[in-house]
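Trainee: Residue numbers (our numbering), protein chains in the order written: chain A, 35 to 335; chain B, 125 to 601.
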């Protein structure tokens, strides 16, 4: 066994029943009134507004960028989202559309979503996205290598992609739905962090299950413990399947009570989502105006 | 102050209609008690909730007579399948009125609404459903082909899980064909009185369930009544001992569920984050007012430091306060008397040299409160390692080997429950074989289920409640 695999298998185990139960208990927290208003604005600021479709066009991406800058056209107090997340081919369009704003530009890379391409192609993919203006790269890990026990290879690949990123932030997608066990989620989290990930991310959104509350909680435990062990803080991004304000509130509660308030910031926690934003906006309108307006009062993009 | 401050999220108490005063529930009717009425208060605010009648010897006579008549004429002869219908009906009404029962339980007891709503009341309904299923199958319970009921059961229950303990007592008793006279605890009578209303709503024949409120004297009169065939008590070992003495030499059948000082044992290979949760749940669930609470934490020395750091951090996120707030984790101590006992034993713990850590939290000014507390550096000879505190106070001890863990865990006059935390299956079985406790939880704690028997070794009592075993206590076998 390599030193790395010894380290990973030495991590404490996860009891699935207990972890699920803890997440379910946190999900019963009731976030109301002032707390809800604060959390909705925070959640909007944490959204990585995402479009990852074969049908993406420059027009679609420009529309989304406009939405990212001003999600609520009629209300200047509504914050922008954290980032736009697109395929590498759309990065030039998005870079143009986001010019002058503080919205980050994230690109998936490394043969997303499967990662099943030769390493040099995945690295070129990454460099191209960065060169075109992406300042955040969402890579996928080599799940095949991980599940076959070749953790060293997964590690080396992350290190290589990190290097290819240059100054761009690296988010490492574990695709937890394919890792299957909670023990694997914990090990993959530590592996990615040791290899230099700036963020660990649950899913591509192309595999079911995508993000779940217990898995996100485990990853938050991992970043909390990693900071204690090494002093370096790593962010967490659940992605896929988070559609409602109620869901987002549950995640923020889990962040607050697992990793702590240092992670309650768009620099350290993101939501990878597309439909979530409109629900957040509708709930925000409801809190400001006192009544529920309906889906025609937020923009369809 | 945290940046993410949860706004108050109180459960509305409007759903509950508390009357200014309550009588006794005897023979299906409300009657005035002959004793001096007493008040029951909300322990979180000290406000008076209602005035409650006190049953005297004469009231106990009347209630036992009503129960006897109902047993002889209606309930005893009734086929099991008919009794089951009533029990199913009661279970369904409990579910329908669940929110009302949960709010009332939290008001009278001080426990957080999250627990009364998600744990107590669902378990109450589950117990009635479960034993309803047994009522027409008693001949197949492995207790003989035609087991007979005992007659009238006198039941005395504690204040920590008022309605749940009522369910543990009444559901099996009724399923087996007995009638009951039940005395709820002095400080928490209200949900039992609402249960009496539910019995009426379910058209339960008069006299099958009788509820008498009162204090220790009422309980003693009930237990000592000559026409009671079965005594069931849950409460302190001290009172349990007195009951055992007074019942000795009579033909009464007795079950006792008494105190505990459970060991929660964490090995170095445990799933550490879940073990921390289990330890928190083991001792701070229901403010530690749990007879099977994991009040002694036995940590393998090699992981003790790391584990305690995690435990302290986790204690910092416990939300102590208004029991009706949906985000409250730890509610109010049930009474001034209990608070005094917790304080006294905690001071003894400090005096004995235990190192005290209390979670940083603000406590309300009125009401009875005690912040979650742990003592480290505790040894077997300390009183806080031996005596039941019955509050949110954890004593932490360490061990080096599995043998030492077993020896320390068993070195107590009690034996109600124990917890084992390890990822090694063979060690769980090895430990469970050796731990002298009625329940051994593995990688979990404070899990209750109507199908699972519950009860103690040694001074934790005798007899089992729950499951098929729980039937035996109410049948002539």
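For glycine and all other residues, C-beta sits at the position ideal for the given N, C-alpha and C.
1) Do you know how far the Cα of residue 232 (chain A) is from the Cα of residue 404 (chain B)?
2) Helix, strand or coil for residue 51 (chain A) per DSSP?
3) Can you tell me whether residue 312 (chain B) is helix, strand or coil according to DSSP?
4) So the beta strand (DSSP E) residue 141 (chain A) belongs to, where does it begin and stop?
5) Have a look at A:205, A:36, A:55 and flag the residue whose alpha-carbon is nearest the alpha-carbon of residue 400 (chain B).
6) Should residue 109 (chain A) be labelled buried (16 or more other beta-carbon atoms within 10 Å of its own) or exposed?
7) Using beta carbons (cut-off 8 Å, strictly below), is residue 64 (chain A) in contact with chain B?
8) Straight-line CA distance for residue 90 (chain A) to residue 118 (chain A)?
9) Quick check: is the beta carbon of residue 56 (chain A) nearer than 8 Å to any beta carbon in chain B?
10) Extract the residue ranges of the alpha helix (DSSP H) inside the segment 293-340 of chain B, only unbroken runs of 4 or more that lie entirely within it.
11) Measure the Cβ-Cβ separation of residue 268 (chain A) and residue 234 (chain A) and say whether it is below 8 Å.
12) According to the neighbour-count rule (16 or more other Cβ atoms, all chains shown, within 10 Å of its Cβ), is residue 332 (chain B) buried or exposed?
13) With distances taken from CA atoms, which of B:186, B:501, B:358 is nearest residue 284 (chain B)?
14) What's the gap between the Cα of residue 389 (chain B) and the Cα of residue 542 (chain B)?
15) Hey, residue 235 (chain B) and residue 577 (chain B): beta-carbon distance below 8 Å or not?
16) Taking the Cβ atom as the reference point for each residue, do residue 198 (chain B) and residue 336 (chain B) lie within a distance shorter than 8 Å?
17) What did DSSP end up calling residue 586 (chain B) once you bin it into helix, strand or coil?
18) If you follow the alpha helix (DSSP H) that residue 439 (chain B) is in, where does it begin and where does it stop?
19) Restricting to Cα atoms, I'd like to know which of B:525, B:532, B:491 is closest to residue 169 (chain B).
20) Could you have a look at residue 202 (chain B) and say whether DSSP puts it in helix, strand or coil?
21) Would a check of beta-carbon distances place residue 314 (chain A) closer than 8 Å to chain B?
22) Quick check on this structure: which residue in B:187, B:174, B:137 has the alpha carbon closest to the alpha carbon of residue 222 (chain B)?
23) Secondary structure at residue 497 (chain B), three-state DSSP: helix, strand or coil?
24) Cβ of residue 455 (chain B) within 8 Å of Cβ of residue 484 (chain B)?
25) Can you find a C-beta in chain B that's less than 8 Å from the C-beta of residue 298 (chain A)?
26) On the criterion of 16 or more Cβ atoms from any shown chain inside 10 Å, does residue 270 (chain B) qualify as buried, or is it exposed?
27) Counting beta carbon pairs with one atom in the segment 555-565 of chain B and one in the segment 576-592 of chain B, are three or more of them shorter than 8 Å?
28) What residue from B:495, B:178, B:378, B:326 has the CA that sits closest to residue 210 (chain B)'s CA?
29) Please give me, in chain order, every unbroken run of the beta strand (DSSP E) with length at least 3 that falls completely inside the segment 529-568 of chain B.
30) Taking residue 345 (chain A) as the query, report the chain B residues whose CB atoms sit under 8 Å from its CB, ordered along the chain.
31) If we count Cβ pairs, one from each stretch, closer than 8 Å, do we get three or more for the segment 244-254 of chain B versus the segment 279-293 of chain B?
32) Measure the alpha-carbon distance for residue 528 (chain B) versus residue 536 (chain B) and round it to whole angstroms.
33) Given a threshold of 16 other Cβ atoms within 10 Å of its Cβ, counted over all protein chains shown, does residue 65 (chain A) qualify as buried or as exposed?
34) Distance cutoff 8 Å, beta carbons only. Does residue 67 (chain A) sit that close to anything in chain B?
35) Just checking, does the segment 316-326 of chain B make contact with the segment 345-364 of chain B on the three C-beta pairs under 8 Å criterion?
36) Can you list, in chain order, the residues of its chain with a C-beta nearer than 6 Å to that of residue 368 (chain B)? Leave out the 5 residues immediately preceding and following it.
Mentor: Taking the geometry as given:
1) Here residue 404 (chain B) refers to the residue found at position 280 of the second chain. Here residue 232 (chain A) refers to the residue found at position 198 of the first chain. Here the C-alpha atom of residue 404 (chain B) lies approximately 32 Å from the C-alpha atom of residue 232 (chain A).
2) If you number the first chain from 1, residue 51 (chain A) lands on position 17. In the three-state DSSP reduction, residue 51 (chain A) falls in the helix class (H, G or I).
3) The residue given as residue 312 (chain B) occupies position 188 in the second chain. Residue 312 (chain B) falls in the coil class under three-state DSSP.
4) Taking the first residue of the first chain as 1, we reach residue 141 (chain A) at position 107. Annotation for residue 141 (chain A): the continuous beta strand (DSSP E) segment containing it runs 138-142.
5) Locating residue 400 (chain B) in the second chain gives position 276, counting from the first residue. Looking at the Cα atoms, A:55 is the closest of the given residues.
6) Residue mapping note: residue 109 (chain A) aligns to position 75 of the first chain, counting from 1. By the neighbour-count rule (16 or more Cβ atoms within 10 Å), residue 109 (chain A) is not buried but exposed.
7) Residue mapping note: residue 64 (chain A) aligns to position 30 of the first chain, counting from 1. At least one chain B Cβ lies under 8 Å of residue 64 (chain A).
8) Counted from its first residue, the first chain places residue 90 (chain A) at position 56. Counted from its first residue, the first chain places residue 118 (chain A) at position 84. Going by C-alpha positions, residue 90 (chain A) is about 13 Å away from residue 118 (chain A).
9) Taking the first chain and counting its residues from 1, the one referred to as residue 56 (chain A) is at position 22. With 8 Å as the cut-off, residue 56 (chain A) counts as an interface residue toward chain B.
10) Listed in chain order, they are 314-325.
11) What you label residue 268 (chain A) is simply residue 234 of the first chain in a count that begins at 1. What you label residue 234 (chain A) is simply residue 200 of the first chain in a count that begins at 1. Remark: C-beta atoms of residue 268 (chain A) and residue 234 (chain A) approach each other more closely than 8 Å.
12) For the purposes of this step, residue 332 (chain B) is taken as the residue at position 208 of the second chain. So residue 332 (chain B) counts as buried.
13) Here residue 284 (chain B) is taken as the residue at index 160 of the second chain, counted from 1. Put simply, of B:186, B:501, B:358 the residue whose alpha carbon is nearest the alpha carbon of residue 284 (chain B) is B:358.
14) For this step, residue 389 (chain B) is matched to residue 265 along the second chain. For this step, residue 542 (chain B) is matched to residue 418 along the second chain. Between residue 389 (chain B) and residue 542 (chain B), the C-alpha separation is close to 8 Å.
15) For the purposes of this step, residue 235 (chain B) is taken as residue 111 along the second chain, with counting starting at 1. For the purposes of this step, residue 577 (chain B) is taken as residue 453 along the second chain, with counting starting at 1. Not a contact, by the Cβ cut-off of 8 Å.
16) The residue you call residue 198 (chain B) lines up with position 74 of the second chain. The residue you call residue 336 (chain B) lines up with position 212 of the second chain. Taking 8 Å as the Cβ cut-off, residue 198 (chain B) and residue 336 (chain B) do not qualify as a contacting pair.
17) Locating residue 586 (chain B) in the second chain gives position 462, where the first residue counts as 1. Strand at residue 586 (chain B).
18) Residue numbering aside, residue 439 (chain B) sits at position 315 when the second chain is read from its first letter. Per DSSP, the unbroken alpha helix (DSSP H) holding residue 439 (chain B) starts and ends at 425-439.
19) Numbered from its first residue, the second chain carries residue 169 (chain B) at position 45. The option with the nearest alpha carbon to residue 169 (chain B) is B:491.
20) Taking the second chain and counting its residues from 1, one reaches residue 202 (chain B) at position 78. The answer is coil: DSSP assigns residue 202 (chain B) none of H, G, I, E or B.
21) Here residue 314 (chain A) is taken as the residue at index 280 of the first chain, counted from 1. Judged by the 8 Å Cβ criterion, residue 314 (chain A) is not in contact with chain B.
22) Looking up residue 222 (chain B) in the second chain gives position 98. Nearest option by C-alpha distance: B:137.
23) As a working mapping, residue 497 (chain B) is identified with position 373 in the second chain. DSSP places residue 497 (chain B) in strand when its eight states are reduced to three.
24) For this step, residue 455 (chain B) is matched to residue 331 along the second chain. For this step, residue 484 (chain B) is matched to residue 360 along the second chain. No, Cβ-Cβ distance for residue 455 (chain B) and residue 484 (chain B) is not below 8 Å.
25) Here residue 298 (chain A) refers to the residue found at position 264 of the first chain. Chain B, which has a Cβ nearer than 8 Å to the Cβ of residue 298 (chain A), makes this yes.
26) Locating residue 270 (chain B) in the second chain gives position 146, counting from the first residue. Label assigned to residue 270 (chain B): exposed.
27) Result yes; three or more Cβ-Cβ pairs closer than 8 Å.
28) Along the second chain, read from residue 1 onward, the residue named residue 210 (chain B) stands at position 86. With distances taken between Cα atoms, residue 210 (chain B) lies closest to B:326.
29) The segment 529-568 of chain B contains these whole beta strand (DSSP E) runs: 541-545, 563-566.
30) Absent from the model: residue 345 (chain A). The displayed extent of chain A is 35 to 335, so no value can be given.
31) Yes, since at least three Cβ pairs between the segment 244-254 of chain B and the segment 279-293 of chain B fall closer than 8 Å, the two stretches touch.
32) Counting from 1 along the second chain, the entry for residue 528 (chain B) is found at position 404. Counting from 1 along the second chain, the entry for residue 536 (chain B) is found at position 412. Using only the alpha carbons, I get a separation of about 14 Å.
33) By one-based count along the first chain, residue 65 (chain A) stands at place 31. Residue 65 (chain A) comes out buried.
34) On the first chain, residue 67 (chain A) is found 33 positions in, with the first residue counted as 1. With 8 Å as the cut-off, residue 67 (chain A) counts as an interface residue toward chain B.
35) Contact between the segment 316-326 of chain B and the segment 345-364 of chain B is not established, with fewer than three Cβ pairs separated by less than 8 Å.
36) Along the second chain, one-based indexing puts residue 368 (chain B) at 244. The answer is none, since no qualifying residue turns up.
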